[in-house]
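**Q**
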Amino acid sequence: MPPESAPANKMLRDFQVYILTWNVVCRAPIADLRSALGLEPPIIPEALPDMYAIGFQEVSARPQHLLSQAFFEEPWIQAIRNALHKYSYVKVKHVRLQGLILTIFTKREHLIQLRGIQSTYTRTGLGGVWGNKGGVTIRLCVYGCSICFVNSHLAAHESETFQRINEYNTIIEKQRFFDTQATNILTHDYTFWFGDLNFRVDDCTIEEMKAAIENNTYCQMLSKDQLNRVRSKGEAFHEFCENDITFAPTYKFQIDRMGYNFSQRKPAWTDRILYRFTKNAYENVTLDLKQHQYVSHDLYIQSDHKPVSAFFTLKVFAKPEQPVIYFLPVGTWIINQDSFAWYYTSADTELKSWDWIGLYRENFSSLEDHLGYVWASTRPTDVYPTHLRTRRSRSRSSRGSQSRPGSAASGAATSAATVAAPGAASSGAPGTAASAGASGVASGTATNSAVGTPSVASRRTNRSPAETENAARSLSWPRNTADGPGDLEPNLEGQRPSRSASAVPATTPPGDSTAEQSRQGSSAAKKRGEATVSWRPPSSRQPSPPRASPSDSVVEGASVHADTPPDTGNETPAEGKSCSDQGDDATDDPGRRPSMVEAAAQAGRTDSITGQDGQRQKPPSSSSERVFYRVLFGDQTLLVSGRYRLVYLRGQSDVLGMSEPFKIKAAVS
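Structure follows, in structure tokens:
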């Protein structure tokens, strides 16, 4: 190994992905899917894959089935959840196009390392109008590397090879993603394409295929496989690789019986898993992929297709992403009483108005299973939990003694300094989340003092922490806006000001079917201007939050099944990296990705330590670099005693922070 390769290898770690594809021919799920998921005993939890990508074709799309999914989860996805739940897997996302379903599961410890999760789909049936054929896609970044999964069902019948080629190219051309580097399917670091591709075998009869299968010489027929031929000609899928096939044709079988159905169609390898990766996507780092398994599961007889699975090991960056949000330890919450949660972030982090905090059970198995949520506060708070008050009140006293006693302006500067780093309030220069909030308080105080009216901040400076908590209970202070400082009074409508006047985030999402007492929440909290939570019965399936992430909110006409506009016809943006699997001649490409050092500097990454759940990472180095926020969860009348977690999310699936488990219990009578 060359000496310069050793440091590069230390920058990478292994990440294992298990892919399963199955055409289920509109049948309901069977009881046991463990064999198809590679969960046959003996099971070593540490050896299980880090991520599952599972694609189904021909799932029942009858109207009554689609209607039931407004209230209940798709049975096939539920069956996968039941099989994986005991091994701490969480469903990250799924996307559906009629009978096509793609879902992603990952171990809970990796949730904090997933970023930029998007989904889309493309119809190719009936000239692109009908969704019985097409492709569904989920892309995401895992430990800094972009991965794209495509599940497709292409045109059937042996004579439709040209149609399948066109459908492949249509999916490639139409699917676009909101990413500066990986804007389409082929520009990701790793791409996996699988499904019922429906390629058949040419130049042989049914009798010849039957004899080859009976004599176990079917591998000789692979030279006549249509997919292999179009790849060799560069007509379709030539950008992808496929491991050697060592299993028998996966179609067409007798349903609920062992053996092929030779009555009308020749057996063929219709169900395939292909992959590609960009080896030299980054300077001084070489990505790699190894495939350990490529098999069919012949014991499943409920479909005329056999499920096919593959097991991969990818190289991703060893340095984990830091959580954006750090939760302070959450104490025990009491049912029917207001409860608070504190979290903090670094001073240079800007929170989004679409961020939300969900309440989950400790061992939740899907990001959709939140029992309630509140919109996250984007304004720093000056109300702190008990274990921080003493330290901060001492700091407030020492800094306040340097100002002229009785000065309202000095009191405001002291209050603002508890949120921002020292000097941020005095400068008043907006630029970070902390300085923006601090300057807003200081500026507003000076204005009120000029007319002889003490501001809220100056009045609160003379109160003890206990009085501050009981009398004011202010959720947060508004930041500066581009037009000047925000209002100093607390928000009395239970809502956060949005970034534009046209879209004001509502405390309770539209369409909530919550009990009347839960809708009311805590009236006292609403008068104080604090966001309250909408609670749902734990047994009901929760819909995703009605708001999309900021990047997705600008898209009009996107389907509820996709985060990016389906079937878009945008022109291909300039690609920022090489799309070649070889990548050896792309060294001088001016558009290639920056080095890891440059990328880390641009992203503002710092050293961190990953714990079991990805939470025990190195926070901002000192309290002066932290900006604290607080949210109110109303009385949890519909909850039961147990252990729960708080999860901070952006959009539907990007987890930016997760609390340690805490207890919720009934009040002692």
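Per the UniProt record's numbering, the very first residue in the sequence shown carries number 1; after that it's consecutive. Just so it is clear, CB atoms sit at the ideal spot from N, CA and C, and this is done for glycine as well.
1. Exposed or buried, what is Leu126 when buried is set at 16 or more other beta-carbons lying within 10 Å of its beta-carbon?
2. Measuring only the C-alpha atoms, how far is Leu646 from Ser223?
3. Take Arg257 as the anchor and find which of Lys279, Pro249, Gln226, His305 has the nearest alpha-carbon.
4. Would you tell me roughly how many angstroms separate the C-alpha atoms of Lys665 and Ser659, rounded to the nearest one?
5. On the DSSP bridge assignment, give the partners of Gly127 in chain order.
6. Rounded to the nearest angstrom, what separates Trp22 and Leu100 at their Cα positions?
7. Should Val640 be labelled buried (16 or more other beta-carbon atoms within 10 Å of its own) or exposed?
8. Just tell me which of Arg265, Asp244, Arg626 has its CA closest to the CA of Leu328.
9. Is it right to say Leu299 is buried, meaning 16 or more other beta carbons lie within 10 angstroms of its own, or is it exposed?
10. Check this for me: beta carbons of Tyr190 and Ile147, under 8 Å apart or not?
11. Which residues in the same chain as Ala212 place their Cβ atom closer than 6 Å to its Cβ, once the five residues preceding and following it in sequence are excluded?
12. Please state the DSSP three-state secondary structure of His157.
13. Between the C-alpha atoms of Pro661 and Glu58, what's the straight-line distance to the nearest angstrom?
14. Report the CB separation of Pro323 from Gly642 in whole angstroms; it is logged as a contact under 8 Å.
15. So which of Ser339, Asp338, Val285, Asn243 has the shortest CA-CA distance to Gln293?
16. Might you give, ordered along the chain, the residues of its own chain that have their beta carbon closer than 8 Å to the beta carbon of Ala601, omitting 5 neighbours on each side?
17. Tell me whether the region 194–207 and the region 271–288 touch, counting them as touching only if at least three CB pairs, one residue from each stretch, are closer than 8 Å.
18. With 16 as the cutoff for other CB atoms within 10 Å, does Arg96 come out buried or exposed?
19. Could you tell me if Asp203 is buried or exposed, where buried requires 16 or more neighbouring beta carbons within 10 angstroms of its beta carbon?
20. Between Glu46, Cys145, His153, Leu154, which lies nearest to residue 714 when the distance is taken from Cα to Cα?
21. Flag Arg27 as yes if its beta-carbon sits less than 8 Å from any beta-carbon of chain C, otherwise no.
22. Given a threshold of 16 other Cβ atoms within 10 Å of its Cβ, counted over all protein chains shown, does Asp654 qualify as buried or as exposed?
23. Just the C-alpha distance for residue 671 and Leu186, rounded to the nearest angstrom, thanks.
24. State yes or no: is the C-beta of Ser309 within less than 8 Å of the C-beta of His85?
25. In this structure, what does DSSP give as the bridge partners for His110?
26. Note the first and the last residue of the continuous beta strand (DSSP E) segment covering Gln16.
27. Considering Cα atoms alone, identify which of Gly651, Leu632, Arg13, Thr170 is closest to Thr286.
28. Rounded to a whole number of angstroms, what is the C-alpha to C-alpha distance between Ala574 and Arg176?
29. So Asp348 packs on Tyr648, CB below 8 Å; how close in whole Å?
30. Give me the residue from Asn284, Thr313, Glu283, Pro307 with the minimum Cα distance to Ile251.
31. For Tyr53, which beta-bridge partners are listed by DSSP?
32. Residues in its own chain within less than 7 Å of Pro75 by CB, not counting five upstream and five downstream?
33. By Cβ distance below 7 Å, which residues in the same chain neighbour Asp225 in space, the five residues on each side in sequence not counted?
34. Cβ of Leu314 within 8 Å of Cβ of Phe15?
35. Between Cys241, Phe71, Asn132, Val136, which lies nearest to Ala155 when the distance is taken from Cα to Cα?
36. Alpha carbon to alpha carbon, how far is Phe311 from Ile357? Give it in angstroms, no decimals.
**A** In short, the structure shows the following:
1. exposed
2. 54 Å
3. His305
4. 18 Å
5. None; Gly127 has no bridge partner.
6. 10 Å
7. exposed
8. Arg626
9. exposed
10. yes
11. Tyr218, Met221
12. coil
13. 39 Å
14. The Cβ separation is near 24 Å, so there is no contact.
15. Asn243
16. Unreliable positioning characterises Ala601 in this predicted model, as indicated by a pLDDT of 36, which lies under 50. The coordinate reading is nonetheless provided below. Closer than 8 Å at the Cβ level, and outside the excluded window around Ala601, lies no residue.
17. yes
18. buried
19. exposed
20. This structure cannot settle anything about residue 714, because the visible part of the chain is limited to 1 through 669.
21. The displayed structure is made up of one protein chain only, and chain C is not part of it.
22. buried
23. The structure shown does not extend to residue 671, since the chain is modelled only from 1 through 669, so no value can be given for it.
24. no
25. Bridge partners of His110: none, in fact.
26. 12–23
27. Arg13
28. Since pLDDT at Ala574 reaches only 31, below the 50 mark, its modelled position is unreliable, and no value is offered.
29. No, Asp348 and Tyr648 are not in contact; Cβ-Cβ is about 17 Å, not under 8 Å.
30. Per the sequence shown, residue 251 should be read as Tyr rather than Ile. With distances taken between Cα atoms, Tyr251 lies closest to Pro307.
31. At residue 53 the sequence reads Ala, which differs from the Tyr that was named. Paired residue(s): Ile19, Ile104.
32. Ala28, Pro29
33. Phe199, Val201, Trp269
34. yes
35. Asn132
36. 34 Å
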